[in-house]
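Trainee: Its first residue numbered 249, the sequence shown is counted upward by one per residue in this note's numbering.
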Amino acid sequence: GALETAHGRLILFSLALCALGDLLLLNRNLKTSFFCGMLVFAIAHLLFSLAFIRGNTFDFVSLITFLPLLVLLGGIKFMYLLPRVSRKFKFFVILYGLAIFVMITSAYTFMYEQKLILLAATFFVLSDIFVAKDRFIKHSTKNALLITPLYFAAQGLFAFSVSV
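What follows is the structure in structure tokens.
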């Protein structure tokens, strides 16, 4: 179970932080709450990364296979997103983007054999892309229809990965 290993405890704690982040993001009108939510989610991403790295083997082939793709996709997203983000959010969006990048890169280079983790990390990043689009570009129900299943599937897969 999740409490039996350091990896499991880190995943569990990350999931708890995500739940706190969800609560902080509920009110779209409170800027302070949004900043705090971003911070909590960034910490969760970094703790997921630590869970992936801790006690696992680095795979150079996975790094050279996936890193160019992740850099390309991340770069395109940032070039599209950053011009639309207000000055007061830019720094936080960049830091948050780096936390996401560290999480997905560590998943693909340390957990390359754990398909549930790879799928969960990918879904989490995709949900974050739609959250960014919804918050900074255009608020739309279409975004929510993508955010919700991707995000909760990611959380469920992370939880399931430590319960097996």
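Yeah, the Cβ is synthetic: ideal placement off N, Cα and C, and Gly gets one too.
In this text, all values refer to a predicted model and were calculated from it rather than measured experimentally.
#1: By a C-beta neighbour count over all protein chains shown, 10 Å radius and 16 as the cutoff for buried, is Gly-249 buried or exposed?
#2: State whether the region 338 to 354 contacts the region 291 to 300, with contact taken as three or more CB pairs (one from each stretch) at a distance under 8 Å.
#3: Determine whether the beta carbon atoms of Thr-353 and Asp-307 lie at a separation below 7 Å.
#4: Please report the straight-line C-alpha distance between Leu-260 and Ala-369, rounded to a whole angstrom.
#5: What's the C-alpha gap between Ala-292 and Val-341?
#6: Just list the beta strand (DSSP E) runs in the region 293 to 369, keeping only unbroken ones of 3 residues or longer that don't cross its boundaries, in chain order.
#7: Excluding the 5 residues preceding and the 5 following Ser-375 in the sequence, name in chain order all residues of the same chain whose CB lies nearer than 6 Å to its CB.
#8: Let me know the secondary structure DSSP gives His-387 once reduced to three states.
#9: Please check the pair Leu-343 and Ala-380, which I expect to be a contact at CB under 8 Å, by giving their CB distance rounded to whole angstroms.
#10: How big is the Cα-Cα spacing for Arg-383 and Ile-324?
#11: Would Ser-281 and Leu-287 be called neighbours here (beta carbons separated by less than 7 Å)?
#12: Once you ignore the five residues that flank Asn-304 on each side, which residues in its own chain have a CB closer than 7 Å to its CB?
#13: Could you name the residues of the same chain whose beta carbon sits closer than 7 Å to that of Arg-332, not counting the 5 residues immediately before and after it, in chain order?
#14: According to DSSP, is Thr-253 part of a helix, a strand, or is it coil?
#15: Is Ala-402 near Phe-372, with beta carbons less than 7 Å apart?
#16: Would you kindly work out how many angstroms separate the C-alpha atoms of Thr-313 and Gln-362, rounded to a whole number?
#17: Taking buried to mean at least 16 other C-beta atoms within 10 Å of its own C-beta, is Val-410 buried or exposed?
Mentor: Result, derived from the coordinates:
#1: exposed
#2: yes
#3: no
#4: 15 Å
#5: 15 Å
#6: none
#7: Ile-395, Leu-398 and Tyr-399
#8: coil
#9: In fact, because the Cβ distance is near 13 Å, the residues do not count as touching under 8 Å.
#10: 18 Å
#11: no
#12: Phe-358 and Met-359
#13: Phe-384 and Ile-385
#14: coil
#15: yes
#16: 16 Å
#17: buried
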